[in-house]
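Protein chains in written order, with my numbering: chain A, 1 to 276; chain B, 1001 to 1276.
Every residue gets a Cβ at the ideal spot worked out from N, C-alpha and C, and that includes glycine.
One structure is given here, and the rest of the page talks about it.
Number of protein chains: 2
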Amino acid sequence: METLSENRCFGGVQGVYRHRSNITGCDMTFGLFLPPQAARGPVPLLWYLSGLTCTHENAMTKAHAQSHAAAAGMAVVFPDTSPRGEGVADDPAYDLGQGAGFYVNATQDPWAPHFRMWDYIAIELPRVLMANFALDDSRQAITGHSMGGHGALTLAMRNPGRFASVSAFAPIANPTASDWGRKQFTAYLGADQAAWAAHDATLLMRETGFRGPVLIDQGSQDQFLDLLRPEALAEAMTARRQPGTFRMQEGYDHSYFFVASFIGDHIGFHAQALAE
Amino acid sequence: METLSENRCFGGVQGVYRHRSNITGCDMTFGLFLPPQAARGPVPLLWYLSGLTCTHENAMTKAHAQSHAAAAGMAVVFPDTSPRGEGVADDPAYDLGQGAGFYVNATQDPWAPHFRMWDYIAIELPRVLMANFALDDSRQAITGHSMGGHGALTLAMRNPGRFASVSAFAPIANPTASDWGRKQFTAYLGADQAAWAAHDATLLMRETGFRGPVLIDQGSQDQFLDLLRPEALAEAMTARRQPGTFRMQEGYDHSYFFVASFIGDHIGFHAQALAE
């Protein structure tokens, strides 16, 4: 693992690291904020999964998470959203290929060799983090924005016991019924829609739900409401009696200004769940 | 004036606007955060001047100012750092020309026609802001980072009564004695160093000081300490008995992670000064 940068930040360290991934078959870069408390022993870890077109860097600089994480004594990891580099397949569209991994293991060409973001986030990156930093494997939570909210919700529901709590900002909530989903699942997973259900937060909520608290924030002026389909997830959460909160935030859009406005609430929510 | 974007943020609005500047002779873009309180009447205004290579956008997304400004009921304006566009002179170096206006009125060719950032910030942009937004002309404060810290300190000292308080993050503190200053002042103002003194915070501090409180934060691991020369300003502040605080922050560097870590302190400092 290589250190690309480390900056002191709110008494802790905002680092950027690169490592060779066996799962994606390329170098992967991630950001990690370690709060001051990490100097004294392992701290809980919040996963922040980012949205379409993002790298590890966007949320790290724009989500304003570090002040709250430092106050809560919580680390935050900012993974990349896809494999990258020469020899890695790509597509000219912003919503397919590099920057748009959708947190699945691709089974179709040309994506299958590298696009294995599900296993990367669920299996490999946790091992890299736990082996190299003062993090408490038993205290993890997960959040994400847009495509990353989709990833956070699906990873949380399909890895029961791993995450104490899950939250999302404007998640892609029902991708099997949206152009943000159907296009990518067809490309990555193939035309057989049976393989898609495991990657749809609304369908998973209907099937299994989440063993722990859920917090969803959605802006009422989000320019992508038709693609996100938050109403499907809200219906599924309520029908299931899923413990949790779904908040429609008046006037907010899809930007990081929305995320930054409520990241403090989310970190407080996760800190409470991790303390229980 | 044209609205380029408006995003709801911490209950207020983070806007980006463009207007034709008579002073710089080109279109100028600025960011403005209006807190929720602006919906009920004029609010105080904090100027945030940015550093080399920045546009209006860097601090607006990376400084994490909005949460604190919303809590304090304070607007924050993020001006650009130079004139821009076709027909505006430029230089291949990152520290001269577009993105590097140094907050002076250039008198030398090829810079003189457009590079008039002093008058733009001191005269024209205030008028544009007061005419278009719910801002209280009588309650203003100013801060900045690096080249913007230089701008904040020099504008504050040379416009007595305009700003209730001034602060800076890692300012270019003594440009007449630094390669971040001598090169640019020679280009913009000419070889006669008599014209430079009015744009050197350390020299101004020795001559006049500031009528109000001053707060300076400087990272001890700043990679540009030799160019910033903070020791000259600290000496001048102390020798003058300038009311204020100079903080050497252990381990912090020159990045926005440093700025974000302390912007809450700065906004609190200005809010207190503006309340008195």
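Reduced DSSP category for residue i - H, G, I as helix; E, B as strand; rest coil
i        : result
H266(A)  : helix
P1171(B) : coil
G304(A)  : Chain A is shown only over 1 to 276; residue 304(A) falls outside these bounds and no answer can be derived.
N1105(B) : strand
L96(A)   : coil
E276(A)  : coil
Q37(A)   : helix
D1136(B) : strand
Q1184(B) : helix
E1002(B) : strand
P1079(B) : strand
S1178(B) : coil
R1229(B) : coil
T245(A)  : strand
R1008(B) : strand
A1194(B) : helix
A89(A)   : coil
R1116(B) : strand
T1053(B) : coil
A141(A)  : strand
Spatially closest choice to residue i from the options, by CA coordinates
i        : options                                : result
L1147(B) : L1096(B), D1109(B), T1061(B)           : The sequence given here places Met at residue 1147(B); Leu does not occur at that position. Selected option, being the one with the closest Cα: L1096(B).
P1160(B) : P1126(B), R1211(B), A1170(B)           : R1211(B)
F1185(B) : H1056(B), A1039(B), T1107(B), D1091(B) : T1107(B)
Y309(A)  : E250(A), G219(A), P230(A), L274(A)     : This structure cannot speak to residue 309(A), because chain A is shown only from 1 to 276.
T143(A)  : A170(A), D137(A), P126(A)              : A170(A)
P110(A)  : S21(A), V259(A), G190(A), D200(A)      : G190(A)
H1068(B) : P1213(B), S1082(B), L1046(B)           : L1046(B)
G12(A)   : V88(A), A72(A), Y48(A), H19(A)         : A72(A)
P1230(B) : H1150(B), G1264(B), Q1272(B), A1197(B) : H1150(B)
N105(A)  : F30(A), A187(A), L215(A)               : A187(A)
P305(A)  : Y48(A), A75(A), F115(A)                : This structure gives no information on residue 305(A), because the portion of chain A shown stretches from 1 to 276.
A164(A)  : F246(A), L215(A), W180(A)              : L215(A)
A1065(B) : T1024(B), G1031(B), A1038(B)           : G1031(B)
G1085(B) : E1006(B), Q1037(B), R1020(B)           : R1020(B)
F1025(B) : F1033(B), D1119(B), Q1221(B)           : Reading the sequence as shown, one finds Gly at residue 1025(B) and not Phe. Per the Cα distances, D1119(B).
D200(A)  : N174(A), Y103(A), T55(A), L125(A)      : N174(A)
V1128(B) : E1006(B), P1079(B), Q1014(B)           : P1079(B)
R139(A)  : T29(A), P42(A), G244(A), A239(A)       : P42(A)
H254(A)  : D265(A), I267(A), D217(A), D90(A)      : D217(A)
N7(A)    : R18(A), D27(A), F33(A), T29(A)         : F33(A)
A1168(B) : R1040(B), L1153(B), A1271(B), C1009(B) : L1153(B)
L1052(B) : M1028(B), R1018(B), T1081(B)           : T1081(B)
T238(A)  : F258(A), P44(A), E207(A), A141(A)      : E207(A)
Terminal residues of the beta strand (DSSP E) in which residue i lies
i        : result
Q218(A)  : 214-219
F1030(B) : 1026-1034
N132(A)  : Here N132(A) belongs to no beta strand (DSSP E); instead the alpha helix (DSSP H) covers 125-132.
R1018(B) : 1012-1021
Unbroken alpha helix (DSSP H) run spanning residue i, endpoints
i        : result
W1047(B) : First-last for W1047(B): 1043-1049, but that is the beta strand (DSSP E), not the alpha helix (DSSP H).
H68(A)   : 66-72
Y252(A)  : Per DSSP, Y252(A) belongs to no alpha helix (DSSP H) and is neither H nor E.
E1057(B) : 1057-1062
A1201(B) : 1201-1207
Status (buried if at least 16 other CB within 10 Å, exposed otherwise) for residue i
i        : result
M1(A)    : exposed
A1156(B) : buried
Q242(A)  : buried
Y1094(B) : exposed
Q1098(B) : buried
D1226(B) : exposed
S261(A)  : buried
N1022(B) : exposed
I1263(B) : buried
I1123(B) : exposed
L135(A)  : buried
N1132(B) : exposed
L1004(B) : exposed
Q980(B)  : Nothing can be reported for residue 980(B), as the shown portion of chain B is limited to 1001 through 1276.
D222(A)  : buried
P92(A)   : exposed
Near the ligand MG: residue i beta-carbon under 7 Å from a heavy atom
i       : result
G181(A) : As far as ligands go, the structure on display features none, and thus does not contain the ligand MG.
ask   = Any residues in the region 55-80 of chain A with a beta carbon nearer than 8 Å to a beta carbon of chain B? Which ones, in chain order?
value = Residues of the region 55-80 of chain A whose Cβ lies closer than 8 Å to any Cβ of chain B, in chain order: T61, K62, H64, Q66, S67.
query = Name the residues in the region 4-22 of chain A whose C-beta lies less than 7 Å from a C-beta of chain B; which are they?
reply = Residues of the region 4-22 of chain A with a Cβ closer than 7 Å to any Cβ of chain B, in chain order: N7, R8, C9, F10, Q14.
message = For the region 1124-1144 of chain B, list every residue whose C-beta sits within 8 Å of some C-beta in chain A, in sequence order.
response = Along the region 1124-1144 of chain B, none of the residues has a CB nearer than 8 Å to a CB of chain A.
task = Anything in the region 257-268 of chain A with a Cβ closer than 8 Å to a Cβ of chain B? List those residues in chain order, please.
result = Going along the region 257-268 of chain A in chain order, one finds F257, F258, A260, S261, G264 with a Cβ nearer than 8 Å to chain B.
inquiry  = Can you pull out the residues from the region 1230-1252 of chain B whose beta carbon lies closer than 7 Å to at least one beta carbon of chain A?
reply    = Hits within the stretch, in order: G1251, Y1252.
message = Using a Cβ-Cβ cutoff of 9 Å, what residues of the region 145-176 of chain A are near chain B? List them in chain order.
response = Residues of the region 145-176 of chain A with a C-beta atom less than 9 Å from some C-beta of chain B do not occur.
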